[in-house]
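Report on one structure; see the data block that follows.
In mature numbering (1 follows the signal peptide of the UniProt record, and there is no 0), the protein residues as written are -22 to -1, 1 to 515.
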C-alpha cells in the first residue's frame, strides 16, 4: 500500500538529483524552480528522504518482472512457466531455469546482482554523507541511521551471498579502484559482522514509523536466516545461534501470527498484519514495480476481477507440489486459484491441476497464484506489500534448528502452532504434528512428470530415487513448502535439504551440483577484470 516510505522515495529521488546536479541551462537567470547543488543543503529533516533510495531497489528485486519471487520459485519444484498459446517461450528463459541450464547471461539473477549493488551503492552514499558531515545530524541520530544503513547494506549482501556466493564487498563510496572479489566465506563473515554490530544500535520501534525499514527485530531475523544456512555457505552449521536470535525475537512479544493465513498477503497488510516484521512496500501510484500477479493470472481473469490491465497468463502450479497438500489445509486454496472463477455476468473460468509439459500447455493448465490478494479493479501494478520476513518464519527457523539438534518434539510444537490457523472445524485435529512426524521423509512424489500425468524415472540424466522418502527431515521440508510457497524461499530450502541438485521434478533432471549458485553476470565480469566466474559456468 501507499506508505510513508513509498512517498519518501519519490522525494528522495528529487533530493538526490539536487545533491549531485548542475544547472541544466546556460541562461544566467536564477533558476527559481530548480533544485541545484548550490542551493540545496540537506538537513536532518531530509534524512528519511535521502535514505529512501537505498531501499528502492528492493522493489525491483522481489515482486517485479524477473524478480526473486519469479526465479527463486522457477528453479525449484513449486512453480512453472510453460509455453502457452500466447507465447512464454521467451527464448527459452523459463525452460532454462526449470532445467537448471542457466548461464552468465540469464536475465533474472543478473537483475538481482545489479539491483543489489545499486542498493549497496545508495546505502554507501548516505553513509559517506553522514560520516563526512554533509548531512548534519545529532550524534544519536547519526548512530542509529548509520546502523540502519549498514544493516540494509548487509541485507543486500545476504541475497548476493545466497545466490552468487563470491562477490565484491564494497563499503567506500569514494573508492575509484575496481573492487576485489571476495570468497563466499568472506562475504558471510562480512554480513555476520555488520548485522551483529548494528543490531544493538538499531531502533526497537515497530509500527508505522519503521514499516518497510530494518529495525532490530528484522535484523535479528535476517541474521538468523544467514545462520540457518551457514552449513551451506561455510560448511559449519550455526543452529545454536539461530535458537538464540529467534528466542530474542519471540521474547520481545512485538509480533504474532495473524489469525488468517491470508492477512500478511492482503492489500491492507501494512495496517492489518501483526505478523510482518519486514516488508517491501508497493502501491499502484508511487511504487509500481510489483507485477507478479500479471504473470500468473490468465488473460480472461480480467473479467472476474474487473482489471484495468489484461494479465499475461504464464506461471502456474507444479501438479506434483499440489499433490503434497492435505486437502483440508486452508493454505491450498489460499495460495492457488482453484475451482470455477465467475465474472459479473456469471461466466465461469476453470483451471486444471494437470500440466502436460513445459513446451505445450493451454491457458487452463495449472493453478494461478492467488496468495497475494487479487482485488477488484486491480491495475498492472499491485498494492500488496511483500512480506520479506514474517513471524511464522521466525518460528520455523527455530523449529528447524531444534529439529536438527535432536529436539524434534519441541520443533513439532512450533510447527503445530503455525498450522492451527489452517486446519479448522472438523479438520482441527490435523493441525497437530509430532516429533516423529517431522523426522520422516517427504510426501513429495519426486520424479519425471510425463505428458500423461504419471511420475517415473526418465531415461538418461542422473538416476534418482522416485519420491521423497529418502530426504532427511523431509516432512519438515514439506511444511516449509506449504507455509512459504511463492515467497521466494523454495530454492534456498531445497539446497539446505540436499534436494535442489539431486531430485527430479516435472521436466527437470539434476544438472550439476554447481547449480546451487548462479553465474556471475557476464556484464559484471566485462566491466571488472578482477572478477572470476563461479565454477561450472
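Built from N, CA and C at the ideal position, the CB exists for glycine as well.
Distance between residue j and residue i (C-alpha atoms, nearest Å)
i, j, result
"residue 318", "residue 306", "18 Å"
"residue 325", "residue 445", "39 Å"
"residue 3", "residue 104", "Any reading at residue 3 needs caution, since the residue's pLDDT is 29, under 50, leaving its predicted position unreliable; the model's value is listed next. About 28 Å."
"residue 243", "residue 507", "43 Å"
"residue 358", "residue 110", "42 Å"
"residue 74", "residue 487", "12 Å"
"residue 515", "residue 230", "45 Å"
"residue 101", "residue 348", "34 Å"
"residue 366", "residue 467", "10 Å"
"residue 354", "residue 72", "29 Å"
"residue 295", "residue 469", "15 Å"
"residue 119", "residue 33", "18 Å"
"residue 185", "residue 196", "13 Å"
"residue 328", "residue 173", "48 Å"
"residue 156", "residue 505", "9 Å"
"residue 31", "residue 262", "18 Å"
"residue 187", "residue 26", "11 Å"
"residue 135", "residue 94", "7 Å"
"residue 464", "residue 96", "25 Å"
"residue 322", "residue 137", "43 Å"
Spatially closest choice to residue i from the options, by CA coordinates
i, options, result
"residue 291", "303, 278, 282 and 300", "278"
"residue 205", "474, 33 and 447", "474"
"residue 122", "175, 87 and 96", "175"
"residue 88", "112, 400 and 50", "50"
"residue 403", "461, 282, 285 and 308", "308"
"residue 522", "31, 198 and 70", "Missing from the structure shown is residue 522; the chain here goes from -22 to 515 and no further."
"residue 92", "186, 202, 56 and 39", "39"
"residue 150", "177, 108, 427 and 282", "108"
"residue 429", "406, 409, 451 and 331", "331"
"residue 43", "29, 85, 55 and 26", "85"
"residue 154", "99, 431 and 70", "99"
"residue 451", "477, 431, 424 and 418", "418"
"residue 124", "513, 431, 266 and 178", "178"
Cβ neighbours of residue i in the same chain (closer than 8 Å, five flanking residues each side left out)
i, result
"residue 192", "126, 129, 130, 133, 180, 200 and 256"
"residue 387", "412 and 413"
"residue 78", "53, 479, 486, 488, 489, 490 and 493"
"residue 511", "82, 497, 498 and 503"
Proximal residues to residue i (C-beta, below 7 Å), its chain only, five neighbours per side dropped
i, result
"residue 369", "233, 234, 235, 253 and 255"
"residue 454", "378, 381 and 416"
"residue 211", "139, 162 and 166"
"residue 21", "114"
"residue 288", "277 and 280"
"residue 112", "20"
CB of residue i within 8 Å of CB of residue j, strictly
i, j, result
"residue 227", "residue 275", "no"
"residue 58", "residue 484", "yes"
"residue 311", "residue 459", "no"
"residue 268", "residue 362", "yes"
"residue 298", "residue 422", "yes"
"residue 524", "residue 471", "Residue 524 falls outside the range modelled here, since the chain spans only -22 to 515, and no answer is possible."
"residue 282", "residue 320", "yes"
"residue 315", "residue 364", "no"
Residues near residue i by beta carbon distance below 6 Å, same chain, minus five either side
i, result
"residue 503", "509"
"residue 216", "205 and 208"
"residue 383", "217"
"residue 68", "none"
"residue 203", "none"
"residue 431", "332"
| Within the chosen definition, does the stretch 335 to 343 reach the stretch 44 to 64 through at least 3 CB pairs nearer than 8 Å? | yes
The stretch 210 to 225 / the stretch 393 to 413 touching (three or more Cβ pairs under 8 Å): no
Is it true that the stretch 498 to 508 meets the stretch 143 to 157, where meeting means three or more beta-carbon pairs spaced less than 8 Å apart? yes
* Pair every Cβ in the stretch 324 to 337 with every Cβ in the stretch 168 to 177, then say whether three or more of these pairs are closer than 8 Å. => The stretch 324 to 337, when compared against the stretch 168 to 177, does not touch it at the 8 Å Cβ threshold.
- May I ask you to verify whether the stretch 240 to 251 touches the stretch 421 to 440, counting CB pairs closer than 8 Å and requiring at least 3? no
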